[in-house]
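Residue numbers (our numbering): 667 to 772.
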Amino acid sequence: MFDIHIRTAGLRTAADTFQGTSHQLNARTGHWLDDSLTAASAHSGFASGPALRECADAWQTHMSAVAQQLNTYADQLRQSSHSYETAEQESVRRLNLAVSDLNRGA
């Protein structure tokens with residue numbers, strides 16, 4: 667059988683990184699395509715204006731979804747870290763009880 671060791675601090679670090687990236691994306695949501703939206707409004711009489719606006723809106727929606735997804739992943743990584751730590755603490759507790767039982771019987 668293979669030994670598996672999970673470094674929960676690494677999971678928490680990854681979660682913090684995902685969360686930070688999510689916050690950076692959210693801070694820019696609605697602003698990184700301002701020039702495109704300005705151009706689209708200025709040329710609404712041409713076919714390219716509405717097409718550019720539609721494209722910019724689609725990207726805004728997509729990037730907002732990416733930020734939310736990163737936030738979800740951060741939460742899941744934190745929960746995984748907590749679950750691993752809880753399982754390890756429980757296994758230590760049970761092993762200590764078993765050793766205690768063995769010592770009483772000796």
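In this text, a Cβ means the ideal position worked out from N, Cα and C, and glycines have one as well.
All values reported here derive from a predicted model rather than from experimental measurement.
Rounded to a whole number of angstroms, what is the C-alpha to C-alpha distance between residue i and residue j?
{"i": "SER702", "j": "SER730", "result": "17 Å"}
{"i": "LEU768", "j": "ALA675", "result": "34 Å"}
{"i": "ALA753", "j": "ALA733", "result": "30 Å"}
{"i": "LEU743", "j": "GLN755", "result": "18 Å"}
{"i": "GLN690", "j": "HIS697", "result": "12 Å"}
{"i": "ARG760", "j": "ARG770", "result": "15 Å"}
Between which two residues does the alpha helix (DSSP H) holding residue i run?
{"i": "HIS697", "result": "Where HIS697 is concerned, there is no enclosing alpha helix (DSSP H), given that its DSSP letter is neither H nor E."}
{"i": "ARG759", "result": "714 to 771"}
Given that a residue counts as buried once 16 or more other Cβ atoms are within 10 Å of its Cβ, and exposed if not, what is residue i?
{"i": "LEU677", "result": "buried"}
{"i": "PHE668", "result": "exposed"}
{"i": "LEU718", "result": "buried"}
{"i": "ALA713", "result": "exposed"}
{"i": "SER757", "result": "exposed"}
{"i": "ALA724", "result": "exposed"}
Confirm, please, whether the CB-CB distance from residue j to residue i is below 8 Å.
{"i": "PHE684", "j": "TYR739", "result": "yes"}
{"i": "THR687", "j": "LEU736", "result": "yes"}
{"i": "ALA693", "j": "ALA706", "result": "no"}
{"i": "GLN726", "j": "LEU699", "result": "yes"}
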